[in-house]
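**Student:** Attaching a single structure in structure tokens format; questions to follow.
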Amino acid sequence: CSFCHKTFLFKSKYHEHLPVHTSERPFQCHLCTRTYKYKYDLRVHLRTHLGIPTKSTTCPFCCSKFNTNKQLRQHI
51 CSFCHKTFLF
61 KSKYHEHLPV
71 HTSERPFQCH
81 LCTRTYKYKY
91 DLRVHLRTHL
101 GIPTKSTTCP
111 FCCSKFNTNK
121 QLRQHI
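For the sequence shown, the residue numbers in the working numbering are 51 to 126.
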């Protein structure tokens, strides 16, 4: 990497790494206006639209599951 000098065995991994150093957010949710640097983060976000609890919507104190982060914040 020309920014941090990290090395990669595969060119594809290098290209996955590059957004760490830029403000580019090429992955946009088609259901809302949220954008993400990584495709994986978009996939996790899409689960919230489907009502599938994710790790980020599970209470770290009592393990209750919520459909949205807003509901989790209200619970906490």
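Ideal Cβ positions, reconstructed from N, Cα and C, are used throughout, including at glycine.
(1) Report the rounded CA-to-CA distance for V70 versus Y64, giving the unit in angstroms.
(2) Would you kindly work out how many angstroms separate the C-alpha atoms of R75 and F58, rounded to a whole number?
(3) Taking C-alpha atoms, which residue in I126, F111, F116 and C109 lies nearest to H99?
(4) Which of the three DSSP states, helix, strand or coil, is assigned to K56?
(5) Am I right that C109 and H125 are in contact with their C-beta atoms under 8 Å? What's the rounded C-beta distance?
(6) Determine, using beta carbons only, whether F77 and L92 come nearer to each other than 7 Å.
**Tutor:** The short version:
(1) 11 Å
(2) 22 Å
(3) F116
(4) coil
(5) 6 Å
(6) yes
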